[in-house]
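Residue numbers (the working numbering): 1 to 176. Everything on this sheet refers to the single structure shown next.
As structure tokens, this is what we get:
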């Protein structure tokens, strides 16, 4: 004998946890303010295709060169040069040209600012070359050459910047 099978009870939506959507919960808790007399109109707006202005995108290398030019201008100290109007080049007692304003860290010649900016650009270019050397993993010899060139650029630029700074620091401090 078979037992009489009980009909399966259908579970209501409220009994299942998490089955209610957020929209259904919001509808229950917030009644519609305007009732049924205010509804969203169903209007089919025509789709108009507008011609968009499309400019050609410059290559990435051109953008990087532009950023480098802006950095060069900023590192040169253009604002300082415009406001203070320092001399372009100095001269010693024998009328020989002097490129670095010695023993004064607060003043600079225009040529000194340009040289320092060029050295900073070389310094940062060395780091970019170091980064590019990691792209040539399969060509070890070429990667090593690029790595050596990047390290040399960094060391040379750093050494020259240190020499410029050492010439600018007054001798009375005693850092020679």
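Glycine included, C-beta positions come from ideal geometry on N, C-alpha and C. This structure is a prediction, so every number in the text was calculated from the model and none was measured.
Beta-carbon gap between residue 168 and residue 104 smaller than 8 Å: Against a cut-off of 8 Å, the Cβ pair of residue 104 and residue 168 comes out as a contact.
The alpha helix (DSSP H) spanning residue 132 covers which residue range? Taken as a continuous stretch (DSSP letters only), the alpha helix (DSSP H) holding residue 132 covers 110 to 133.
By DSSP, does residue 137 sit in helix, in strand, or in coil? In the structure shown, residue 137 falls within a coil segment according to DSSP collapsed to helix, strand and coil.
Taking Cβ positions, are residue 160 and residue 119 nearer each other than 8 Å? Against a cut-off of 8 Å, the Cβ pair of residue 119 and residue 160 comes out as a contact.
Which residues in the same chain have their Cβ closer than 8 Å to the Cβ of residue 177, if we skip the five residues on either side of it in sequence? Here the chain covers residues 1 to 176 and nothing more, so residue 177 does not appear.
State the CB to CB distance for the pair residue 133 and residue 150, rounded to an integer number of angstroms; the pair is presumed to be in contact (CB under 8 Å). Confirmed, about 6 Å.
Using 8 Å for Cβ pairs, my map puts residue 113 next to residue 77. What's the rounded Cβ distance? A Cβ-Cβ separation of about 5 Å places residue 113 in contact with residue 77 under the 8 Å criterion.
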